[in-house]
Amino acid sequence: MNKKNSVPKWFWIVTCIALIWNLLGVYFFIQQLTMTQETLNSLPENQQLLYETMPSWVNIAFAMAVLGGTAGCIGLLLRQSWCIPLFIVSLIGILTQMYYSFFISNSYEVFGPGGLIMPVMIMIIALFLIFFSRMAKGRKWIE
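Residue numbers (the working numbering): 876 to 1018.
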């Protein structure tokens, strides 16, 4: 077994924040998956239509995104390099979900320019986690 280098405190801080971020994603995934008809009916009509017409493969992509990211963060906490492919799986899930939202459905028309803020943040964080985990491997903080 290779000897791992000691990691700076900020590694743990970044990793814990990333885990919390991804756990929030899991929470929102579960909320979307278990949305009751009553909750759906309380949404504006155009948002109801988005949820009602969403194909199941978009939910699968959402699951890949949040579960891959969460598992990747757990891998980072355990200092294991298998976190890297999990973050890549998460990014693929994000890209698939965003492709549907912006090129197949009319999400942009429903949510407007303000609806771009969260997807852009999600993409930036996903790319950062891939960069961060690769950097950690290069510095032998993970193996």
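All C-beta atoms in this analysis are idealised placements derived from N, C-alpha and C, irrespective of residue type, glycine included.
Treat the numbers as computed from the prediction; the structure is a model and nothing was measured.
| Item | Value |
| --- | --- |
| Considering only the beta carbon of each residue, do Met996 and Ser965 sit closer than 8 Å? | no |
| For the stretch 927-980, which segments carrying the alpha helix (DSSP H) assignment without a break, of at least 4 residues, lie completely within its bounds, in sequence order? | 931-952, 958-974 |
| Taking Leu924 as the reference, which of Ile1017, Trp932, Val985 has the closest Cα? | Val985 |
| Need the endpoints of the alpha helix (DSSP H) that Val995 sits in, please. | 992-1013 |
| Given a threshold of 16 other Cβ atoms within 10 Å of its Cβ, counted over all protein chains shown, does Cys948 qualify as buried or as exposed? | buried |
| Are the beta-carbon atoms belonging to Gly968 and Phe1006 less than 8 Å from one another? | no |
| Does Trp896 come out as helix, strand or coil in the three-state DSSP assignment? | helix |
| Quick one: is Cys958 buried, meaning 16 or more other Cβ sit within 10 Å of its Cβ, or exposed? | buried |
| Measure the alpha-carbon distance for Gly1013 versus Gly944 and round it to whole angstroms. | 20 Å |
| Would DSSP call Thr914 helix, strand or coil? | helix |
| Pull up the distance between the alpha-carbon of Lys1015 and that of Leu961, whole angstroms please. | 18 Å |
| Note down the Cα distance separating Glu927 from Ser881, rounded to an integer number of angstroms. | 50 Å |
| With DSSP collapsed to three states, give me the class of Gly987. | coil |
| Keeping to the same chain, check which residues put their C-beta closer than 8 Å to that of Met910; ignore five residues upstream and five downstream. | Tyr926 |
| For Thr914, count the other beta carbons within 10 Å of its own beta carbon; 16 or more makes it buried, fewer makes it exposed. Which is it? | exposed |
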